[in-house]
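Every letter in the sequence shown is one number past the one before it in my numbering, and letter 107, counting from 1, is 117. Glycine included, every Cβ here is placed at the ideal spot set by N, Cα and C. Structure first, then comments.
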Amino acid sequence: MNNEQKALAACREYVACNLDIKKISQAISGNLYNCPENNGEEFRTHLKEYYLNRNIAAAVDGYFGSAVKGEEEFLACPHCVEADRLIQERKAARLKLGSAKRRITLLGKSS
Ligand SMILES: [Zn+2]
11 MNNEQKALAA CREYVACNLD IKKISQAISG NLYNCPENNG EEFRTHLKEY
61 YLNRNIAAAV DGYFGSAVKG EEEFLACPHC VEADRLIQER KAARLKLGSA
111 KRRITLLGKS S
């Protein structure tokens, strides 16, 4: 593969990653919107509560091993569990996007 082909492949991957991230973000929003904790007035979800408590636990006592407040409720909510899974998927997609950006930058510098 020559540099032009590599550049084109990197650009295609960049576009595809951005589209993936957009789709995943919409799916996260949809799942969180459907969480029964979300009452429409204040944005509340089991996931938000769990993440908050997990961060507090991590800051206070290192978190590892101890149960986190709200974890049971979070795990019982299919919308929040799916949103959490999608958030991890989006993290991976963002890493892939970063890799494509770096390749585009390097090819741009070398041309
Ligand atoms: Zn929920």
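Legend entry - 8 Å Cβ cutoff met for Ala93 and Asn13: Along the sequence shown, one-based indexing puts residue 93 at 83. Along the sequence shown, one-based indexing puts residue 13 at 3. Contact flag unset, no.
Inset, instruction - Tell me where the alpha helix (DSSP H) around Gly80 begins and ends. - result: One-based indexing of the sequence shown puts residue 80 at position 70. Here Gly80 belongs to no alpha helix (DSSP H), and DSSP marks it neither H nor E.
Legend entry - First through last residue of the alpha helix (DSSP H) which encompasses Thr115: In the sequence shown, counting from the first residue as 1, residue 115 sits at position 105. First-last of the alpha helix (DSSP H) with Thr115: 88-120.
Legend entry - Any non-hydrogen atom of ligand 1 within 7 Å of Leu107 CB: Counting from one through the sequence shown, the residue named residue 107 turns up at place 97. The answer is no for Leu107.
Inset, instruction - Look at the Cβ atom of Ala20, then the Cβ atom of Ile114, and state whether they are nearer than 8 Å. - result: The residue given as residue 20 occupies position 10 in the sequence shown. The residue given as residue 114 occupies position 104 in the sequence shown. In contact: Ala20 and Ile114 (Cβ atoms closer than 8 Å).
Legend entry - Start-to-end residues for the alpha helix (DSSP H) that takes in Gly40: Position 30 of the sequence shown holds residue 40. Taken as a continuous stretch (DSSP letters only), the alpha helix (DSSP H) holding Gly40 covers 13-43.
Legend entry - Beta carbon nearer than 7 Å to a non-hydrogen atom of ligand 1: Cys45, Pro46, Glu47, Thr55, His56, Leu57, Phe84, Cys87, His89, Cys90
Inset, instruction - Below 8 Å CB to CB, which residues in the same chain sit around Asn48 once its five sequence neighbours on both sides are set aside? - result: Counting from one through the sequence shown, the residue named residue 48 turns up at place 38. Within the same chain, Asn48 has close Cβ partners Leu42, Arg54, Thr55.
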